[in-house]
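Engineer: Mapped onto this note's numbering, the consecutive letters of the sequence shown carry residue numbers 220 to 302.
Below are the structure tokens for one structure; questions will follow.
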Amino acid sequence: PEEYMGDVIGDLNSRRGKISGILPRKDAQVVEAFVPLAEMFGYATSLRSLTQGRAVYTMQFDHYQPLPQSLADQVIEKLKGVK
């Protein structure tokens, strides 16, 4: 629903999401976005909370993309400590 759009888009942005489109439907809005899979864990719970259970989502694989260098450095440092 329209009244939750700001919160939903803000949540997607906080998950490194890139909004590719917002499509109006009769009683709803469809937000299309690319979001890294690693950032989607817990999204169903977050979306229900943000929209009082009124929104649903689907996701499908689209493409691989290199990890931003700052995050890659964090992963490498974490893995160096695991032996």
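All C-beta atoms, glycine included, are put in the ideal place defined by N, C-alpha and C.
Figure out for me which residue from His282, Ala263, Glu222, Pro255 has the closest Cα to the Cα of Asp246.
Structural biologist: Nearest C-alpha to Asp246: Glu222.
Engineer: If you draw a straight line from the alpha carbon of Ala291 to that of Glu258, how long is it in whole angstroms?
Structural biologist: Cα to Cα, the separation comes out at about 14 Å.
Engineer: In the DSSP output, which residue or residues are listed as bridge partners for Arg244?
Structural biologist: According to DSSP, which records beta bridges pairwise, Arg244 is partnered with Ala247.
Engineer: Consult DSSP for Ala252 and reduce its assignment to one of helix, strand or coil.
Structural biologist: Strand, per DSSP.
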